[in-house]
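Residue numbers 1 to 85, in the working numbering, belong to the letters of the sequence shown in order.
All C-beta atoms in this analysis are idealised placements derived from N, C-alpha and C, irrespective of residue type, glycine included.
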Amino acid sequence: MRERPMYRFELRYVSRSIDPYYHTRWDLATPASILAVTRDEAGAKLMAMLGDPPRGEKWTWVVDRIDEMQMAISPPTEQAGSGDH
1 MRERPMYRFE
11 LRYVSRSIDP
21 YYHTRWDLAT
31 PASILAVTRD
41 EAGAKLMAML
51 GDPPRGEKWT
61 WVVDRIDEMQ
71 MAISPPTEQA
81 GSGDH
């Protein structure tokens with residue numbers, strides 16, 4: 001059995017105006033926890049989960065914390081009980 005690094009990304013996301021005149025309202029941000037191997041993968045998973053932002057806005061997010069987790073990958077096993085009955 002081998003192990004690969006997996007990370008839990010604790011982050012906050014919020015929709016913001018595409019007009020740079022307006023400031024992002026981080027006080028309205030929503031927390032999220034995403035399991036991923038890389039920061040880019042975490043962002044892609046978050047965007048897939050959120051879908052399209054409100055009209056005239058876009059999603060933005062910031063990572064607050066990253067925790068390493070150990071995920072075990074075990075080789076496939078044969079199913080017990082196979083055969084003629």
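CB of residue i within 7 Å of CB of residue j, strictly
i      : j      : result
Met-69 : Arg-25 : no
Ile-34 : Leu-50 : no
Val-14 : Ala-29 : yes
Three-state class that DSSP yields for residue i in the structure shown
i      : result
Asp-52 : coil
Arg-16 : strand
Arg-99 : A query on residue 99 cannot be resolved here, the shown segment of the chain reaching from 1 to 85 and no further.
Buried or exposed by the 16-neighbour rule on C-beta atoms within 10 Å, applied to residue i
i      : result
Arg-16 : buried
Pro-5  : exposed
Leu-11 : buried
Ile-66 : exposed
Nearest candidate by alpha-carbon position, reference residue i, set the options
i      : options                           : result
Trp-59 : Val-37, Ile-66, Ala-48 and Asp-67 : Ala-48
CB-CB length for residue i against residue j, believed under 8 Å
i      : j      : result
Ile-18 : Gly-43 : Not really, about 18 Å apart at Cβ, beyond 8 Å.
Arg-39 : Val-62 : So it is not a contact: roughly 11 Å between Cβ atoms.
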